[in-house]
Structures are given as structure tokens and as C-alpha cells.
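Notes follow the structure.
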Amino acid sequence: MIQAELMTEIRKWKKESNTFIFAHNYTLPEVQDIADFTGDSLELSIKAKEVKAEKIIFCGVSFMAETAKILSPESKVLHPVPAAGCAMADMATAEKIRQYREKNPDTVIVAYVNTTAAVKAEVDICCTSANAEKIVASIPEDKKILFLPDRNLGRNVMNSLGRKMDLWAGYCPVHDNIRAEMLDEARRLHPQAAVMVHPECAEDVVKNAEYAMSTGAMLRFLPKATEKEFIVGTEEGILHRMRKENPDKIFHPLLPQIVCPDMKKITLEDVLKSLKEEVYEVKLTVEMMDKARKCIENMLAVK
Ligand code: SF4
Numbered sequence: 013m014i015q016a017e018l019m020t021e022i023r024k025w026k027k028e029s030n031t032f033i034f035a036h037n038y039t040l041p042e043v044q045d046i047a048d049f050t051g052d053s054l055e056l057s058i059k060a061k062e063v064k065a066e067k068i069i070f071c072g073v074s075f076m077a078e079t080a081k082i083l084s085p086e087s088k089v090l091h092p093v094p095a096a097g098c099a100m101a102d103m104a105t106a107e108k109i110r111q112y113r114e115k116n117p118d119t120v121i122v123a124y125v126n127t128t129a130a131v132k133a134e135v136d137i138c139c140t141s142a143n144a145e146k147i148v149a150s151i152p153e154d155k156k157i158l159f160l161p162d163r164n165l166g167r168n169v170m171n172s173l174g175r176k177m178d179l180w181a182g183y184c185p186v187h188d189n190i191r192a193e194m195l196d197e198a199r200r201l202h203p204q205a206a207v208m209v210h211p212e213c214a215e216d217v218v219k220n221a222e223y224a225m226s227t228g229a230m231l232r233f234l235p236k237a238t239e240k241e242f243i244v245g246t247e248e249g250i251l252h253r254m255r256k257e258n259p260d261k262i263f264h265p266l267l268p269q270i271v272c273p274d275m276k277k278i279t280l281e282d283v284l285k286s287l288k289e290e291v292y293e294v295k296l297t298v299e300m301m302d303k304a305r306k307c308i309e310n311m312l313a314v315k
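Written out as C-alpha cells, the structure reads:
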């Protein structure tokens, strides 16, 4: 089936089955285009809490589909390709966190949303790259903090707030590969452009960029930006919305290929199969969902 036919078919099935489709900003452009809502982790979490659909199809990686299920437990949540995981999320396990907690019972554990439901069930509060500074700043000064799993985001928050934290040794392989010298080379090629990177990049990369922000914040910032040209140092999927929503601006990827292979695993064919066959349902125990929901709700309660 050609792409236009697939899209028509998906829209028809979606309507008939009262299904709501979410897509992360890093997914394939055509998947973003058929979604009812596209956003970064924070935006997706907030929307998942509001949506009252009978069925949800989540196009993104598995921890995101789990988060949607935790926040919309009455909906049937489907993840079209369960093998789409997150290398960073796999770097933290519930067992290791329990061991840390035993040795450090008074430490507040802050988990980046890029964690499994089992890990969320063990921690005190969640954060996303969009609100990490706000969440850490909300914790009383006299409390020790462990930030997990992303050492780069944790380090960048520490630098911004001037606050010490224990950092887990995890990282996103896609963003951690970006080097500060790459920014200099991109500037040489595009001297008029400002550089924007994601805070999952290492601290010297963030310090060398004009802007460091979540993908949602980038998209909100761009229409107001005075610059006309940008070098983008995050997963290339975001360029689709950047170009679509800002036709007057020019965007260059920092490197030709900054790609998260897991974010590209879900195709239109998978979405259609998911709609027709109701696969693959995200299943979590009520106990785990209740425990994991607490840290997400603690995050959403921080004003
Ligand atoms: S881009 Fe990095 S953090 Fe995001 S899903 Fe891929 S591996 Fe995980």
C-alpha cells in the first residue's frame, strides 16, 4: 500500500475504534503526521493524563508506552513494536535502586522519565528534560539527591542550579556521541546559524551551544526566535516539525545522522496492524502502576 493509502486507512480505523494516537517528536515524519498528538516526554505525559480514549496507540519507545498506561489505566494502551526500547532506560534497574536506597535511606531519588515502570515504582519523583531544573530546585536544600539514569542531564542541572547531586552512570548513546568540536565544525559550515542542543548532551557540548533545551521547548522557542538559521544537535526526527512549523527558518542537522534506531522502529504499517489487531497491549500490574504513578504525579504537582 502506498503511504497516502496507509494514512487514509489508519485515519478510518482510528475514528471507528475511538483510538487516540500519540507520537514522540523523534518518530518517523509520517508517523508524526497521523498522530493525534505529538510532543516531548513532558507534553506526552500531561496529555496521556487528560485523554479519555478507549484505546491509545503509543508511537515511541517502550517506557513512554508504559507511562501512558500508568497515566491512563482505563485505556487499552497499545505499543505497535514492543522491541522499540531505550538504551538509556535499560541502564537503571529496580534492583540496583533498591540496593542504593538501603545504603542511602534519606536520599531523594529523582528519575528522568526515561526509565522503566519498575524503576519508577522505586523512586521519589520523576522529571523530564523540560522540567528537570524545576523539579530538582523544588527539593529542600538540606536533602541529598540521587539523579538517574542520565549523568549528562544530571550534570547540566547541577551546573545550572549550582547544586551537588549523586549521578547514575547512564547516558543516551545518541546524544552522548555528540562532541563539542562537532559544534565548531558545523559553525564553520553555517556561520550565521545558532546552535541548539538537547540537555542529554555532555556538559562541554551544552556549554558550547547557544541554546540547550528539550524538544518541546525548542519548538515553542523557534517561532519567537530572532535568528533565522539553526544547527540542531538532537535526534533528527525533530527537524520534521521544526521545518513544518517554521517555514521561514533554515535548519541544519549538527551531523548528517543523529538517529535513535529505536525511535524509528514504528512504521505506518505497524500502526495499522496495531489498530486492526489491537497489538501489542502494554500490561502492568495494578500494584506497579500505582507505585510508579506516584512519582509522575509528584512531578506534575510541582508548580
Ligand atoms: S534518543 Fe536516547 S534517550 Fe531517547 S529513546 Fe533513543 S536512546 Fe533513549
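If you use the numbering used here, the sequence shown corresponds to residues 13 to 315, in order. Beta carbons: idealized from backbone N, C-alpha and C, even for Gly. Predicted model only: the values in this text are computed from it and were never measured.
Asked	Found
Tell me where the beta strand (DSSP E) around residue 7 begins and ends.	It is not possible to answer for residue 7, since the shown part of the chain is limited to 13 through 315.
Ignore the nearest five residues each way along the sequence and tell me which others in residue 336's own chain have a CB closer than 7 Å to its CB.	Outside the shown range of the chain, which is 13 to 315, sits residue 336, and nothing can be said about it.
Alpha carbon to alpha carbon, how far is residue 16 from residue 147?	42 Å
Does at least one heavy atom of the ligand SF4 sit under 6 Å from the Cβ of residue 99?	yes
For a quick check, are the C-beta atoms of residue 78 and residue 294 less than 7 Å apart?	yes
Looking at residue 149 and residue 138, is the spacing between their C-beta atoms short of 7 Å?	no
Please report the straight-line C-alpha distance between residue 120 and residue 302, rounded to a whole angstrom.	19 Å
Can you grab the Cα-Cα spacing for the pair residue 278 / residue 112, in whole Å?	35 Å
Evaluate contact between the region 226 to 233 and the region 189 to 204, counting only Cβ atoms and requiring at least three cross-stretch pairs below 8 Å.	no
Check whether the region 68 to 84 touches the region 32 to 40, counting contact only when three or more Cβ pairs, one atom from each stretch, lie closer than 8 Å.	yes
Report the partner residues of residue 160 according to the DSSP bridge assignment.	123
Would you say the beta carbon of residue 247 is closer than 6 Å to some non-hydrogen atom of the ligand SF4?	yes
CA-CA distance, residue 243 and residue 207?	5 Å
From the DSSP output, read off the bridge partner residues of residue 263.	242
When the distance is taken between beta carbons, is residue 296 closer than 7 Å to residue 129?	yes
Answer with buried or exposed for residue 159, where buried requires no fewer than 16 other C-beta atoms within 10 angstroms of its C-beta.	buried
Going by beta-carbon coordinates alone, are residue 65 and residue 87 separated by less than 7 Å?	yes
Terminal residues of the continuous beta strand (DSSP E) containing residue 33?	31 to 36
Would the beta-carbon of residue 82 fall within 7 Å of that of residue 305?	yes
Using alpha carbons as the reference points, say which of 235, 269 and 273 lies closest to residue 256.	235
In whole angstroms, what is the alpha-carbon distance linking residue 38 and residue 276?	8 Å
Note down, in chain order, each residue of its chain lying with its Cβ closer than 8 Å to the Cβ of residue 264, except the 5 sequence neighbours on either side.	198, 201, 202, 205, 241, 242, 243 and 244
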